[in-house]
Amino acid sequence: MQLSESLDTVKCEAGEFRGLGMGNNREEALSTAYSDLAKQIYSSVIVSTKYLQKQVLNGKENISSEYESELIVKSALLNAHDARILHTERGANKTGAVLCMSRADAAKGFTKQQQLAADSLALVSHIVANVENPKRKNEAWHKTQIFWNEIMRIQNLLEGWGLEKANYFDSASEAYLKARENYKNYCQNANFFWEPEQENDYSAIAFSILSKNLKIEKSACSTSGVLLNYKGNKPDCARKFGVHSCSYQPLLSIASCQGAEYLLLKNSIENAHQKQEFALEKMQENFRTADFWKEWEQEIREWSLQCE
Numbered sequence: 481m482q483l484s485e486s487l488d489t490v491k492c493e494a495g496e497f498r499g500l501g502m503g504n505n506r507e508e509a510l511s512t513a514y515s516d517l518a519k520q521i522y523s524s525v526i527v528s529t530k531y532l533q534k535q536v537l538n539g540k541e542n543i544s545s546e547y548e549s550e551l552i553v554k555s556a557l558l559n560a561h562d563a564r565i566l567h568t569e570r571g572a573n574k575t576g577a578v579l580c581m582s583r584a585d586a587a588k589g590f591t592k593q594q595q596l597a598a599d600s601l602a603l604v605s606h607i608v609a610n611v612e613n614p615k616r617k618n619e620a621w622h623k624t625q626i627f628w629n630e631i632m633r634i635q636n637l638l639e640g641w642g643l644e645k646a647n648y649f650d651s652a653s654e655a656y657l658k659a660r661e662n663y664k665n666y667c668q669n670a671n672f673f674w675e676p677e678q679e680n681d682y683s684a685i686a687f688s689i690l691s692k693n694l695k696i697e698k699s700a701c702s703t704s705g706v707l708l709n710y711k712g713n714k715p716d717c718a719r720k721f722g723v724h725s726c727s728y729q730p731l732l733s734i735a736s737c738q739g740a741e742y743l744l745l746k747n748s749i750e751n752a753h754q755k756q757e758f759a760l761e762k763m764q765e766n767f768r769t770a771d772f773w774k775e776w777e778q779e780i781r782e783w784s785l786q787c788e
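My numbering puts the sequence shown at residues 481 to 788.
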């Protein structure tokens, strides 16, 4: 009987992963067997991950490829010491080896990573519930989704192997659902609110330009949301050498509804003319067509919540 045929008769227990290898000596055979064992587990992970992605994408949540986790097993077994050497055999020219590993042992590295993801989720989900800063809230919710997707990817794998949920799974699920509900409730009122310090031509122009592509409410700020407080007042003009030199500094404060300023956007416009009225007229035209509006709009967008 050839070596390969002999090794095929060596079976692991039902449900175990089996690694088969051959080499010039025992060490090479075992190394190949460990690699083969890792491939069996890796294949199981690939199938599980694809199933999870399909399952989630057909649901309410859209998980992009950005959330896809890097697989634990690639080319070598992380916990190789848990593999059981079932059989080694020397043939005419080669040595063969058969390794076995239970699903519970194969799951150890995955459950460890799942535990780390659950611990991280607990931290970032707490931030989602307790921070009002839109950028920080967005970042915390984004990370919460990443960690939850990691937990579920591994959970789907473990359940496919017939293993029970870890004791921390339910608490992680509860933390995720609370964070999602908090973010959803915040989103319902988290609009942009426009409150200029003074109502004048310049504040009206600023609102007209910014509200074209941004949803901005011209009303008092609600309990949650972002306050856009326009602070640009009137141009300053001075007569020098028979010319009226005018300058204007538009200012826009991005703040919480409670008044905590996140960022102050500012720019400057200048114009000069022999007649002040013409200088001011041109100033307003330059203000309306200034290049900085796109930059302001982009910056404001970064303070909006990424609501569904």
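Even for Gly, the Cβ is constructed at its ideal location relative to N, Cα and C.
Only a predicted model underlies this, so the values are computations on that prediction, with no experimental measurement involved.
Check: Do you know whose CA, among Leu743, Pro730 and Leu744, lies nearest Asn766's CA?
Finding: Indexing the sequence shown from 1 puts residue 766 at position 286. Comparing Cα positions, the closest option is Pro730.
Notebook entry, point to check: CA-CA distance, Ser727 and Pro715?
Noted result: On the sequence shown, position 247 is the one that residue 727 refers to. On the sequence shown, position 235 is the one that residue 715 refers to. About 6 angstroms.
Note to self: Please report the distance separating the alpha-carbon of Gly499 from that of Trp621.
What the structure shows: As a working mapping, residue 499 is identified with position 19 in the sequence shown. As a working mapping, residue 621 is identified with position 141 in the sequence shown. Their Cα atoms are separated by approximately 41 angstroms.
Item checked: Residues bridged to Glu741 (per DSSP) -> Counted from its first residue, the sequence shown places residue 741 at position 261. Ala735, per the DSSP bridge assignment.
Notebook entry, point to check: Considering only residues of the same chain and omitting the five flanking positions on each side of Ile696, which have a CB-CB separation below 6 angstroms?
Noted result: Taking the sequence shown and counting its residues from 1, one reaches residue 696 at position 216. The residues are Phe672 and Trp674.
Item checked: Buried/exposed call for Ser699, threshold 16 Cβ in 10 Å -> Walking along the sequence shown from the start, residue 699 turns up at place 219. Ser699 should be labelled exposed.
Item checked: Ala684, DSSP secondary structure in three states -> Translated into the one-based positions of the sequence shown, residue 684 becomes position 204. It is helical.
Check: Roughly how many angstroms lie between the CA atoms of Trp783 and Gly705, to the nearest whole one?
Finding: On the sequence shown, residue 783 is found 303 positions in, with the first residue counted as 1. On the sequence shown, residue 705 is found 225 positions in, with the first residue counted as 1. Trp783 and Gly705: Cα-Cα distance of roughly 9 angstroms.
Check: What number of angstroms, rounded off, separates the C-alpha of Lys692 from the C-alpha of Gln778?
Finding: By one-based count along the sequence shown, residue 692 stands at place 212. By one-based count along the sequence shown, residue 778 stands at place 298. Approximately 13 angstroms between the Cα atoms of the pair.
Notebook entry, point to check: Lys637 lies in the alpha helix (DSSP H); which residues open and close that run?
Noted result: Position 157 of the sequence shown holds residue 637. For clarity, residue 637 is Leu in the given sequence; the question names Lys instead. Counting along the chain, the alpha helix (DSSP H) containing Leu637 begins and ends at Pro614 to Gly640.
Notebook entry, point to check: Under the DSSP definition of a beta bridge, which residues are partnered with Leu566?
Noted result: Sequence index remark: in the sequence shown, residue 566 carries index 86 (1-based). Its beta-bridge partners do not exist; DSSP assigns none.
Notebook entry, point to check: Are there 16 or more other CB atoms within 10 angstroms of the CB of Leu708, so buried, or fewer, so exposed?
Noted result: For the purposes of this step, residue 708 is taken as residue 228 along the sequence shown, with counting starting at 1. Flag for Leu708 reads buried.
Check: Between Asp771 and Glu612, what straight-line distance do the alpha-carbon atoms span, to the nearest angstrom?
Finding: Residue 771 sits at position 291 when you count from the first residue of the sequence shown. Residue 612 sits at position 132 when you count from the first residue of the sequence shown. Taking the straight line from one Cα to the other gives about 31 angstroms.
Notebook entry, point to check: The beta strand (DSSP E) with Asn504 in it runs from where to where?
Noted result: By one-based count along the sequence shown, residue 504 stands at place 24. No beta strand (DSSP E) holds Asn504; DSSP gives it neither H nor E.
Next item on the list: Under the assumption that Ala586 contacts Ile521 (Cβ atoms under 8 angstroms), give the Cβ distance between them as a whole number of angstroms.
Entry: In the sequence shown, residue 586 corresponds to position 106, counting from 1. In the sequence shown, residue 521 corresponds to position 41, counting from 1. Rounded, the Cβ-Cβ distance is 5 angstroms, consistent with contact.
Notebook entry, point to check: Taking buried to mean at least 16 other C-beta atoms within 10 Å of its own C-beta, is Asn665 buried or exposed?
Noted result: As a first step, residue 665 is located in the sequence shown; it is residue number 185 there, counting from the start. Looking at its Cβ environment, which holds fewer than 16 other Cβ atoms inside 10 Å, Asn665 is exposed.
Checklist line | Asn709 (DSSP reduced to helix, strand or coil) | finding: Position 229 of the sequence shown, counted from the first residue, corresponds to residue 709. Three-state DSSP puts Asn709 in a strand.
Next item on the list: Spatial neighbours of Glu619 within its chain, please: CB distance less than 8 angstroms, with the 5 preceding and 5 following residues excluded, ordered by chain position.
Entry: Within the sequence shown, the letter at position 139 stands for residue 619. None.
Next item on the list: Please confirm whether any heavy atom of the ligand NAD lies closer than 7 angstroms to the CB of Lys574.
Entry: Inclusion of the ligand NAD in the displayed structure is not the case, the ligand content being empty and no account of it being possible.
Note to self: So for Asp771, helix, strand or coil by DSSP?
What the structure shows: Residue 771 sits at position 291 when you count from the first residue of the sequence shown. Here Asp771 sits in coil by DSSP.
Notebook entry, point to check: Just the Cα atoms here: how many angstroms apart are Cys787 and Gln625?
Noted result: Residue 787 sits at position 307 when you count from the first residue of the sequence shown. Residue 625 sits at position 145 when you count from the first residue of the sequence shown. The alpha-carbon atoms of Cys787 and Gln625 are separated by roughly 13 angstroms.
Next item on the list: Rounded to whole angstroms, what's the CA-CA distance from Asn559 to Lys588? Just pull it up for me.
Entry: One-based indexing of the sequence shown puts residue 559 at position 79. One-based indexing of the sequence shown puts residue 588 at position 108. Taking the straight line from one Cα to the other gives about 8 angstroms.
Check: Are Ala609 and Ala513 closer than 8 angstroms when you measure CB to CB?
Finding: On the sequence shown, position 129 is the one that residue 609 refers to. On the sequence shown, position 33 is the one that residue 513 refers to. Not closer than 8 angstroms, so no.
Margin query: Rounded to whole angstroms, what is the Cα-Cα separation between Glu775 and Glu661?
Written below: Taking the sequence shown and counting its residues from 1, one reaches residue 775 at position 295. Taking the sequence shown and counting its residues from 1, one reaches residue 661 at position 181. Cα to Cα, the separation comes out at about 32 angstroms.
Notebook entry, point to check: Alpha carbon to alpha carbon, how far is Lys755 from Lys711?
Noted result: Taking the sequence shown and counting its residues from 1, one reaches residue 755 at position 275. Taking the sequence shown and counting its residues from 1, one reaches residue 711 at position 231. About 27 angstroms.
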